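Working notes, beginning with the structure itself.
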Amino acid sequence: MADDRSSLSAIATPNLGPAARARGVIAGLLSEPLAAGLYLVATPIGNLGDITLRALSVLARADIIYCEDTRHSAKLLQHYGIATRTRPFHDHNEERESARVIDELKADKRIAIISDAGTPLLSDPGFKLVRAAAAEDIPVVAIPGASALLPALTTSGLPTDAFFFAGFLPPKQAARRARLAELSAIPGSLIFYEAPHRVAETIPDMARLLGSRDAVIARELTKLHEDVRRGTLAELAEATPMEGLKGEVVIVVGPEQAQAVSDETLTARLAGALEVMSLKDAAKALADEFGVPKARVYGLGIKAKDELKAKDVGR
38 MADDRSSLSA
48 IATPNLGPAA
58 RARGVIAGLL
68 SEPLAAGLYL
78 VATPIGNLGD
88 ITLRALSVLA
98 RADIIYCEDT
108 RHSAKLLQHY
118 GIATRTRPFH
128 DHNEERESAR
138 VIDELKADKR
148 IAIISDAGTP
158 LLSDPGFKLV
168 RAAAAEDIPV
178 VAIPGASALL
188 PALTTSGLPT
198 DAFFFAGFLP
208 PKQAARRARL
218 AELSAIPGSL
228 IFYEAPHRVA
238 ETIPDMARLL
248 GSRDAVIARE
258 LTKLHEDVRR
268 GTLAELAEAT
278 PMEGLKGEVV
288 IVVGPEQAQA
298 VSDETLTARL
308 AGALEVMSLK
318 DAAKALADEF
328 GVPKARVYGL
338 GIKAKDELKA
348 KDVGR
């Protein structure tokens with residue numbers, strides 16, 4: 038294995054700016070022993086400068102770095118002069134590679150896991166590996182750093198005191214709407230990752246199932262063409278050109294604002310909810326969301342069904 042200090046030579050230079058102090062910090066980190074174990078290392082989500090000195094130190098001294106895409110991660114490692122060996126670790130080989138990683142960890146290897154961007158295991162493979170390592174009493178160490186989730190939330194201007202990370206929504210419309218109906222009762226901001234080619238379908242579904250909440254679409258965070266768009270879900274669905282959207286997308290949806298809700302609003306929301314769930318479940322979800330009695334919502338649903346039947350009879 039190469040000397041730990043040499044593999045960080047590229048960053049221990051005046052190119053780091055005022056960097057005499059930074060070079061001292063790096064030298065100190067490299068002089069500390071790196072224990073055997075599994076290291077979950079956060080990497081930049083776009084700007085290569087958004088990585089911690091500790092992360093670079095761990096990557097330089099690891100025996101192996103497992104990457105979601107070795108070709109993608111090579112750009113980061115080459116940028117910082119890190120020559121540690123890499124192997125792929127992704128959805129398609131996770132089960133097979135996890136057994137290999139556990140064997141390497143039992144042999145006292147120092148293993149780092151990174152994703153293509155951000156914090157590993159957030160909507161990425163790896164949690165089964167961590168669980169297996171913990172079951173073997175193998176040390177698991179998180180090296181915190183960048184993620185798209187928190188920058189999107191903090192720049193959104195939406196409430197941050199309570200939030201729920203929902204990851205990626207199902208790609209098929211019926212399943213996506215059902216999931217949104219479930220999430221509608223959560224009293225806090227909702228954060229989603231979404232593929233750029235699906236945003237044009239997802240935002241209208243959110244407007245339909247989550248109502249007139251404030252929301253933000255953030256893409257290309259930390260990159261040259263960073264773009265943050267704000268408005269209600271309905272406004273974003275109508276005003277934001279979605280076709281051809283590129284780059285990683287984070288959608289942040291604020292909580293339902295506490296306000297008196299009319300029967301008309303509840304009935305309209307019921308119509309959307311009843312497409313994906315029973316009246317009983319829809320009444321409970323909307324009652325929790327708006328802070329109104331469940332019986333009121335259920336009664337509106339019965340009334341709407343009766344009116345629909347009366348129209349059918351009169352035809």
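Numbering (the numbering used here), first residue to last: 38 to 352. Virtual Cβ for every residue (Gly too), placed ideally from N, Cα, C. All of these numbers come straight from a predicted model, not from anything done at the bench.
In terms of Cβ geometry, ALA169 and ILE139 form a close pair [threshold 8 Å].
Contact between LEU345 and VAL334 does not hold, since their C-beta atoms are separated by about 17 Å, which reaches or exceeds 8 Å. Here ALA183 is buried. Its C-beta has 16 or more other C-beta atoms within 10 Å.
Under the DSSP assignment, ILE101 falls in the beta strand (DSSP E) whose first and last residues are 101-104. In the displayed model, TYR117 falls within coil according to three-state DSSP, outside both helix and strand. CA-CA distance, PRO208 to VAL177, rounds to 33 Å.
Note that the C-beta distance between TYR103 and ARG133 is not below 8 Å. Beta-bridge analysis with DSSP links THR269 to ASP251. Residue ranges of uninterrupted alpha helix (DSSP H) with 4 or more members, entirely inside the region 276-314 and ordered along the chain, are 300-310. According to the DSSP secondary-structure assignment, THR123 is paired through a beta bridge with ILE102. Non-local C-beta neighbours of ASP128 in its own chain, meaning closer than 8 Å and more than five positions away in sequence, comprise PRO162, ordered along the chain. Around the beta carbon of ARG306, 16 or more other beta carbons sit within 10 angstroms, so the residue counts as buried. Shown here for LEU158: same chain residues with a beta carbon closer than 6 Å to its own, the five before and five after excluded, namely PHE164 in chain order. Here the region 83-90 lies against the region 257-269, with 3 or more beta-carbon pairs under 8 Å apart. Taking C-beta separations shorter than 7 Å and ignoring five residues to either side along the sequence, the partners of GLY248 in its chain run GLU293 and ARG306, following chain order. Taking 8 Å as the cut-off, the beta carbon of LEU227 is found no closer than this to the beta carbon of PHE205. Counted as a single uninterrupted DSSP element, the alpha helix (DSSP H) harbouring LEU217 occupies residues 210-220.
The Cβ atoms of ALA73 and ASP174 do not sit closer than 8 Å to each other.
The DSSP-derived three-state label of ILE139 is helix.
Residue environment: ASP251 is assigned as buried (16 or more neighbouring CB atoms within 10 Å of its CB, all protein chains considered). Our two residues, LEU261 and ASP106, have alpha carbons roughly 23 Å apart in a direct line. By alpha-carbon distance to PRO224, the top candidate from ASP153, PHE327, ALA215 and TYR117 is PHE327. Checking the DSSP bridge columns, you'll see LEU77 partnered with ILE150 and ALA179. The Cβ atoms of VAL78 and ILE148 do not sit closer than 8 Å to each other. Here the alpha carbon of ALA92 sits roughly 46 Å from the alpha carbon of MET314.
It is roughly 18 Å from the alpha-carbon of VAL167 to the alpha-carbon of LEU96. In the structure shown, the three-state DSSP call for ALA203 is strand. Annotation for SER193: the continuous alpha helix (DSSP H) segment containing it runs 186-193.
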